[in-house]
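Quick notes on the structure that follows.
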Amino acid sequence: MSLESTELGLREKLAAAPETDAFTVDPIFIGRDHDVSGIVEMLTTPTEEVLSILPIVGLGLGKTTFARKIFNREKTMTHFGQHIWVHVSQDFDAVILLKKILNNSQGRNAEEESREGLLKKLQEALEAQNDEEVFLLKKKLADLEGGVVLKKIQEALKAKTYLLVLDDVWNEDQQKWEDFINSLSGITSNKGNAILVTSMNARVGSIVKKNS
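Going by our numbering, the sequence shown opens with residue 1, and the numbers climb by one from there.
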């Protein structure tokens with residue numbers, strides 16, 4: 001069996017995996033406390049960098065559990081002004097991810113929609129001659145295309161440093177990743193922000209490191 005077919009089977013198996021969060025209690029976490037403490041120290045040490053990116057990559061290493069331990073450490077919680085956890089999985093849609101970041105930073109859950117999803121709903125509303133729905137969907141599209149989501153994130157994170165966990169990333173498209181990070185880099189000039197990226201895919205780790 002080829003590496004590609006093995007990876008495809010793994011992707012299909014994980015496609016229906018439930019979303020992770022920062023608060024689920026992990027029943028077993030043996031050892032690695034020293035590693036957790038080391039990364040916490042790294043993330044909370046004063047730096048001149050606006051944004052640091054740290055990948056946690058590999059098979060069977062309990063990456064989500066490891067990231068939760070870092071995320072929920074008291075020193076981490078007191079150091080960063082905002083703590084954001086986003087489950088990514090295989091669909092690396094920048095709009096959806098930015099909306100998840102916004103929803104998390106504002107402490108609320110809103111519907112996450114891609115541009116394609118909104119366009120489909122708009123077409124359905126036009127066919128049904130639902131003028132009110134058409135108006136609302138057009139406004140949502142304008143918000144997305146006008147960069148309103150980024151502006152709202154900027155407002156939510158102003159005067160704060162943030163720790164963002166992107167859990168279970170599969171994206172191997174360098175340009176998609178760079179565009180996403182460039183968008184985040186522009187939301188604040190505060191120094192000391194950090195992103196933890198977990199992935200089962202070593203190639204994702206290589207892409208992330210190029211921007212760290």
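Glycine included, C-beta positions come from ideal geometry on N, C-alpha and C.
Euclidean distance between Cα positions of residue i and residue j
i: Glu133; j: Ala142; result: 14 Å
i: Pro55; j: Ala125; result: 42 Å
i: Glu116; j: Asp91; result: 13 Å
i: Trp177; j: Asn171; result: 8 Å
i: Lys218; j: Glu155; result: Outside the displayed span of the chain (1 to 212) sits residue 218, for which this structure offers no information.
i: Ala15; j: Val40; result: Here the model assigns Ala15 a pLDDT of 49, short of 50, so the residue's position is not dependable and the matter cannot be decided.
i: Asp131; j: Lys75; result: 51 Å
i: Lys209; j: Gln129; result: 49 Å
i: Arg32; j: Ile84; result: 23 Å
i: Leu150; j: Ser52; result: 19 Å
i: Glu19; j: Glu49; result: 31 Å
i: Ile187; j: Phe180; result: 12 Å
i: Ala202; j: Glu127; result: 46 Å
Bridge-paired residues (DSSP) for residue i
i: Trp85; result: Val165
i: Val57; result: Ser199
i: Ser52; result: Ala194
Min CB distance residue i to chain E below 8 Å
i: His79; result: This model lacks chain E altogether, as it is built from one protein chain only.
Cut-off 6 Å between Cβ atoms - residues of its own chain near residue i, not counting five sequence neighbours on either side
i: Val169; result: Val88, Val197, Ser199 and Val204
i: Lys237; result: Because the chain is modelled from 1 through 212, residue 237 falls outside the range shown and cannot be assessed.
i: Gln175; result: none
i: Leu43; result: Ala194
i: Val57; result: Ser199, Ala202 and Gly205
Own chain residues within Cβ distance below 8 Å of residue i, not counting five before or after
i: Val86; result: Leu97, Lys100, Ile101, Asn104, Leu164, Val165, Leu166 and Asp167
i: Leu122; result: Val134, Leu137, Lys138 and Leu141
i: Thr47; result: Lys191 and Gly192
Residue i, DSSP secondary structure in three states
i: Asn193; result: strand
i: Lys209; result: helix
i: Ile153; result: helix
i: Phe80; result: coil
i: Gln175; result: helix
i: Asn182; result: helix
i: Lys160; result: coil
i: Gly147; result: coil
i: Glu19; result: coil
i: Asp91; result: coil
i: Gln123; result: helix
i: Ile28; result: Caution applies to Ile28, whose pLDDT of 49 falls short of 50 and renders its modelled position unreliable; the model cannot decide the point.
i: Ala128; result: coil
Element boundaries [alpha helix (DSSP H), containing residue i]
i: Arg68; result: Lys63 to Asn72
i: Thr47; result: Where Thr47 is concerned, there is no enclosing alpha helix (DSSP H), given that its DSSP letter is neither H nor E.
i: Ile213; result: Only positions 1 to 212 of the chain appear in this structure, which leaves residue 213 out of reach.
i: Lys99; result: Ala94 to Ser105
Contact set for residue i: own chain, Cβ-Cβ below 7 Å, skip 5 residues either direction
i: His79; result: Thr44
i: Ser189; result: Val50
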